[in-house]
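Numbering (the numbering used here), first residue to last: 3 to 267.
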Amino acid sequence: MRIHDITCSQCGACVRECDPLRAAISQTDTGVRIDLDLCIVCGHCMAVCPTDEMEHPLSPRQPLMDKPPSPEAAAMYLRSPRSVRLYKKEGAPRETLMRLLDIGRYAQTGVNTQGISYLVVDGREKVEALNALFCETALKLIPEHPELVRLAEVIELQKQRKEERIFRGAPQLILALADKDHTRPRENAQFSLTFIALMAPALGLGTCWAGYFENLAIRDHFAAPFWKFLHLAENMRIRGALMVGVPDVQFRRLVARNPLHVEWR
């Protein structure tokens, strides 16, 4: 058993905040005790401590939080990101992409499971090669899997118009990866990629969910050709895909959505 004792003023904030199903923190005569084997390392105990006496060996203290933006400013920003379908040919610098990807690890996940890493397909030629593999794979699967027939329509439209429809001409593609034995890989990938999509405009980037590609890539019984093409480790699986690049379009206005529908019980 790994135990960490802390001498503190015993306000009880960390004890109340700790997950009651695990109860990793308990009070002692001089402070609190953390059972590190029960702790999920969510960092909440550190975040709520009003006296900064909490010293968690697995969760280093982070900077104080800034005041949140006003509701109006937050709503304006959350309404601003668009699904970008036109990109400049040159991809984003790797330094910028690293800043973008870094925010994905801060998404909330159930029981702090996290577990998402990323593979960036970097460059138009590589994305186009992946597109070609997708089309080849889909057309082979459709005769036995009629639920995929929509993909044939998109592939035919791409051929007719001589423009890429699967990845929209994006110069880069972000793939969210998780271990094949992860307990909730799809949810965590979506949480993480959503954070990334929301961060992108602040870095001058645009994103769009690669939904057609996900039809095959996140389903293990269809995805083997992509694992091989991308040289994935044997234990890793694709659990989400997001196009990314510098937008070749400027959005000047917010857009409407369906009216809010709420029921109360």
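All residues carry an ideal CB built from backbone N, CA and C; glycine is no exception.
Chain-order list of residues whose beta-carbon lies under 6 Å from that of residue i (same chain, five-residue window excluded)
| i | result |
| --- | --- |
| A140 | L153 |
| C41 | A26 |
DSSP three-state assignment for residue i, whether helix, strand or coil
| i | result |
| --- | --- |
| Y108 | coil |
| P65 | coil |
| R35 | strand |
| C210 | strand |
| H6 | strand |
| Q116 | coil |
| L262 | coil |
| S28 | strand |
| R239 | strand |
| S194 | helix |
| I168 | coil |
| A320 | Outside the shown range of the chain, which is 3 to 267, sits residue 320, and nothing can be said about it. |
Rounded straight-line distance, which links the Cα of residue j to that of residue i
| i | j | result |
| --- | --- | --- |
| L234 | M3 | 36 Å |
| R254 | D54 | 44 Å |
| T32 | L23 | 24 Å |
| F228 | P71 | 41 Å |
| W211 | R35 | 44 Å |
| S28 | C16 | 9 Å |
| Q174 | D250 | 14 Å |
| E19 | K69 | 21 Å |
Anticipated Cβ contact below 8 Å, residue i with residue j, distance rounded
| i | j | result |
| --- | --- | --- |
| M245 | F169 | 6 Å |
| I176 | V122 | 6 Å |
Cut-off 7 Å between Cβ atoms - residues of its own chain near residue i, not counting five sequence neighbours on either side
| i | result |
| --- | --- |
| S11 | T53, E55 |
| N237 | D181, K182 |
Cβ-based neighbour list, residue i, same chain, cut-off 8 Å, excluding 5 preceding and 5 following
| i | result |
| --- | --- |
| A202 | P83, L102, G208, T209, V246 |
| A186 | Reading the sequence as shown, one finds Arg at residue 186 and not Ala. If we look at R186 and ignore the five residues flanking it on each side, its Cβ neighbours are T111, G112, T115. |
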